[in-house]
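Numbering (my numbering), first residue to last: 305 to 643.
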């Protein structure tokens, strides 16, 4: 199924790429995975744990940072809480803030760095006015395009207790097989239409069909494509609500607010059908489970997408890099106006 999907993309007129993280992202090919010796391999496994024994590294866990400490316009350290006690640490050289697209702007705002109006509404004294902090929030959305499979080759046949037991035993003994993969082993990056500068649609292919909540697979064989529009224009925000660091920020994504994003998902539906209807998938392609062959008009596609779309867990851009008035960091990733 993996190779048939890639060939279907080629049959539809798209390129094949062996390395989408290399010189040519565009096209269909194998998916990269961070797996080592049969285990998912995180940045902590690859970089942090090997350095844990260094004398010049102290890792503090189960702690919550309250704010960045400032001396005028210079960041000097952080205040954090651990086990009910508040601590302060001073930086010898620099403070690196790496708390993600939600945590980073929230922490800047807790420190008095951000849009004065947002800070004042939360009762936080303005230390450094920077209106772009927490703005420009965007995310990748996707939905599952699902089909029944006419051949007994999907993962749906591996979900009974006996097969799961065999997969588990093989992984324990050999660290390979179906237990050593995330099962998204082929993918695609394509342009939705002529004139688009970079690939704006992305596919993840999974040889199984299941409910949206993941709790139950469909009976029989099936496969699915996770498909999403990679260049959203809808923008949201992350705003601090209180000076209390334990209170969550207000988060609004404003998903699908821009017409171009809705048009992008209409392209997703129509181009996916074109790809799956290529000869390479003839032996495998069964009935369309989702969205369903009756979903064809713009209005019906929009309604389906609103109901079915979900986050691909890629929120970003709330500490925008640039030089305009909403930029938060410069090209050296330094907060603008601060040392």
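Yeah, the Cβ is synthetic: ideal placement off N, Cα and C, and Gly gets one too.
With 16 other Cβ atoms within 10 Å as the buried cut-off, status of residue i
| i | result |
| --- | --- |
| residue 469 | exposed |
| residue 525 | buried |
| residue 356 | exposed |
| residue 440 | buried |
| residue 347 | exposed |
| residue 386 | exposed |
| residue 456 | exposed |
| residue 410 | buried |
| residue 553 | buried |
| residue 370 | buried |
| residue 561 | exposed |
| residue 401 | buried |
| residue 305 | buried |
| residue 418 | buried |
| residue 489 | buried |
| residue 310 | buried |
| residue 476 | exposed |
| residue 642 | buried |
| residue 351 | exposed |
| residue 587 | exposed |
| residue 533 | buried |
| residue 565 | buried |
DSSP state of residue i mapped onto helix, strand, coil
| i | result |
| --- | --- |
| residue 398 | coil |
| residue 557 | coil |
| residue 440 | strand |
| residue 532 | strand |
| residue 522 | coil |
| residue 642 | coil |
| residue 587 | coil |
| residue 385 | strand |
| residue 593 | strand |
| residue 456 | coil |
| residue 409 | helix |
| residue 540 | strand |
| residue 621 | coil |
| residue 351 | helix |
| residue 392 | strand |
| residue 506 | strand |
| residue 599 | coil |
| residue 339 | strand |
CB-CB length for residue i against residue j, believed under 8 Å
| i | j | result |
| --- | --- | --- |
| residue 302 | residue 447 | A question about residue 302 goes unanswered here, because the residues of the chain that appear run from 305 up to 643. |
| residue 498 | residue 450 | With 8 Å as the limit, residue 498 and residue 450 do not qualify as a contact, their Cβ atoms being about 29 Å apart. |
| residue 727 | residue 531 | Because the chain in this structure spans residues 305 to 643, residue 727 falls outside the shown range and cannot be described. |
| residue 312 | residue 599 | Not confirmed; about 20 Å, so no contact. |
| residue 623 | residue 437 | 7 Å |
| residue 491 | residue 335 | 4 Å |
| residue 558 | residue 539 | 6 Å |
CA nearest to the CA of residue i, picked from the options
| i | options | result |
| --- | --- | --- |
| residue 644 | 463, 459 and 504 | Missing from the structure shown is residue 644; the chain here goes from 305 to 643 and no further. |
| residue 372 | 362, 395, 553 and 592 | 395 |
| residue 523 | 452, 335, 381 and 589 | 452 |
| residue 433 | 420, 352 and 630 | 420 |
| residue 576 | 508, 362, 401 and 409 | 508 |
| residue 556 | 443, 585, 332 and 413 | 443 |
| residue 416 | 376, 561, 325 and 476 | 376 |
| residue 619 | 445, 562 and 463 | 445 |
| residue 384 | 374, 378 and 364 | 364 |
| residue 342 | 461, 472, 465 and 437 | 472 |
| residue 528 | 558, 590 and 568 | 590 |
| residue 484 | 344, 465 and 564 | 344 |
| residue 635 | 570, 430, 389 and 625 | 625 |
| residue 593 | 601, 603, 587 and 608 | 608 |
| residue 630 | 435, 610 and 359 | 435 |
| residue 464 | 521, 637 and 339 | 521 |
| residue 548 | 314, 413, 403 and 335 | 413 |
| residue 380 | 622, 398, 539 and 349 | 398 |
| residue 536 | 362, 430, 568 and 353 | 568 |
| residue 314 | 585, 597 and 349 | 585 |
| residue 261 | 617, 628 and 627 | Lying before the first or after the last residue shown, residue 261 is absent from the chain, which here runs from 305 to 643. |
| residue 362 | 393, 474 and 326 | 393 |
| residue 276 | 474, 478 and 482 | Outside the shown range of the chain, which is 305 to 643, sits residue 276, and nothing can be said about it. |
| residue 368 | 614, 582, 551 and 639 | 551 |
heavy atom of the ligand PLP below 7 Å from residue i C-beta
| i | result |
| --- | --- |
| residue 443 | In the structure on display, the ligand PLP does not appear, and there are no ligands present to speak of. |
Closer than 8 Å to chain C by CB, residue i
| i | result |
| --- | --- |
| residue 543 | Among the protein chains of the structure shown there is no chain C, as only one such chain exists. |
Checklist entry - Are there three or more Cβ pairs, one per stretch, closer than 8 Å when the segment 416-436 is compared with the segment 536-544? => result The answer is yes - the segment 536-544 touches the segment 416-436, with three or more Cβ pairs under 8 Å.
Item to check | the segment 489-498 touching the segment 329-336, judged by at least three CB pairs closer than 8 Å | outcome: The segment 489-498 makes contact with the segment 329-336: 3 or more CB pairs, one atom from each, lie closer than 8 Å.
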